[in-house]
Amino acid sequence: MKLFYAPGSSSLLPHIVLYEAGLPFTAIKVDEHTKDVEGGGDYRTVNPLGYVPALVLDGGALLTEGAAIVQYIADQVPSKALAPPNGTLERTRLQSWLNFCSSELHKGGFSPLFYKGVPEQGKDVFRARLAARFAHLDAYLASNAYLLGRQYSVADAHLFVVSNWAPWVNFDLSSYGNVKAYRERIAARPAVRSAMNAEGLIPWPDAQPS
Ligand SMILES: N[C@@H](CCC(=O)N[C@@H](CS)C(=O)NCC(=O)O)C(=O)O
Numbered sequence: 031m032k033l034f035y036a037p038g039s040s041s042l043l044p045h046i047v048l049y050e051a052g053l054p055f056t057a058i059k060v061d062e063h064t065k066d067v068e069g070g071g072d073y074r075t076v077n078p079l080g081y082v083p084a085l086v087l088d089g090g091a092l093l094t095e096g097a098a099i100v101q102y103i104a105d106q107v108p109s110k111a112l113a114p115p116n117g118t119l120e121r122t123r124l125q126s127w128l129n130f131c132s133s134e135l136h137k138g139g140f141s142p143l144f145y146k147g148v149p150e151q152g153k154d155v156f157r158a159r160l161a162a163r164f165a166h167l168d169a170y171l172a173s174n175a176y177l178l179g180r181q182y183s184v185a186d187a188h189l190f191v192v193s194n195w196a197p198w199v200n201f202d203l204s205s206y207g208n209v210k211a212y213r214e215r216i217a218a219r220p221a222v223r224s225a226m227n228a229e230g231l232i233p234w235p236d237a238q239p240s
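Numbering (the numbering used here), first residue to last: 31 to 240.
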């Protein structure tokens, strides 16, 4: 399998999950802005939409969208319990959290804060949305070690990855004590450290890598 990634971006999610799964893969770096692929080529020939992550399977099939990619990876190694079995209520709960991270936190919260053309006043609208969602998470994590309760899952990798961006966009997480403790638990996982190390993210950079 080949994972196309840009350091510190949402592609860190499948990168972590590939290490959690213990499956063989090659990680190929992409410049998120120019679309240049390290070693040569234009990334849009892999994913016409131009964004990471993309996972190319050994047979050549292309998978896109982080939330879907990580469920595919998890299903290859059911013994690792990275996702509840398909068709169960718990699987639907996992999908709820993955969608929450993709839509409410990533696209509907953090993404607009990265856009240089958006005025600060406009950005405050998204900071307020994020604040409400992190308050909800903080209350939830007061009595749950992980998003699915007692069991770590790919959704935790997702929340970890999107919340990593807070210092890059001036969103203060310090008042969310349970989120902080949770993030420290996730960050300590060997697979998380391996993926972050492979992307040059230890220590976490003060600004988004260019
Ligand atoms: N819907 C996609 C969004 C992925 C995404 O936003 N990727 C960003 C990095 S975090 C990217 O590659 N942006 C460059 C671009 O959109 O051209 C997913 O959830 O996987």
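Backbone N, C-alpha and C define an ideal beta-carbon position, used for all residues, glycine too.
Any non-hydrogen atom of ligand 1 closer than 7 Å to residue i Cβ
i    : result
A228 : no
V209 : no
Y81  : yes
E62  : yes
A57  : no
A36  : yes
S39  : yes
S183 : no
S204 : no
S132 : yes
Simplified DSSP state of residue i, which is helix, strand or coil
i    : result
A158 : helix
D66  : strand
L231 : coil
S193 : helix
A218 : coil
G147 : coil
First and last residue of the uninterrupted alpha helix (DSSP H) at residue i
i    : result
A51  : L42 to A51
E120 : L119 to N129
F201 : Unbroken run through F201: none, as it is neither H nor E.
P115 : Run containing P115: none; DSSP gives neither H nor E here.
F144 : S141 to F144
Sheet register partners of residue i (DSSP bridge)
i    : result
F34  : I58 and A84
D72  : D66
Y176 : G179
The beta strand (DSSP E) enclosing residue i, as first and last residue numbers
i   : result
T94 : L92 to T94
Rounded C-alpha distance that separates residue i from residue j
i    : j    : result
R163 : Y73  : 33 Å
D66  : S40  : 17 Å
P115 : V192 : 25 Å
D154 : D88  : 44 Å
Closer than 7 Å: residue i CB and nearest ligand 2 heavy atom
i   : result
E95 : This structure lacks ligand 2; the ligands present are ligand 1.
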